[in-house]
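Trainee: Residue numbers (our numbering): 102 to 186. Beta carbons are placed, not taken as given, at the ideal position from N, Cα and C, and that holds for glycine. If you scroll down you'll find the structure; I have some questions about it.
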């Protein structure tokens with residue numbers, strides 16, 4: 102219990118309830134390594150054709166709004182990762 106409280110106090114952002122499905126889907130995509138990388142190692146973004154055929158995602162009912170939210174998370178994630186030096 103104390104460990105959970107410490108973790109919660111270290112969080113740096115709040116996720117609104119409407120964004121939780123998109124964040125969970127993005128986490129699944131990230132953990133599966135479904136990204137494309139550039140020639141010099143920079144992150145280009147999600148490999149969308151591969152995502153659409155990935156078994157754990159293919160059979161989920163995901164609405165268009167959730168996919169739009171995932172692309173917003175993707176853009177922010179790519180900017181953050183690529184700006185780190």
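Is the stretch 151 to 169 touching the stretch 113 to 126, taking contact as three or more C-beta pairs under 8 Å?
Mentor: At 8 Å Cβ cutoff, the stretches touch.
Trainee: Where residue 137 and residue 173 are concerned, what is the direct C-alpha to C-alpha distance, given to the nearest angstrom?
Mentor: If you take the alpha carbons of residue 137 and residue 173, they lie about 16 Å apart.
Trainee: Which residue comes first and which comes last in the beta strand (DSSP E) that contains residue 138?
Mentor: Element bounds for residue 138: 136 to 138.
Trainee: Run through the DSSP bridge pairs and tell me what residue 144 is partnered with.
Mentor: 138.
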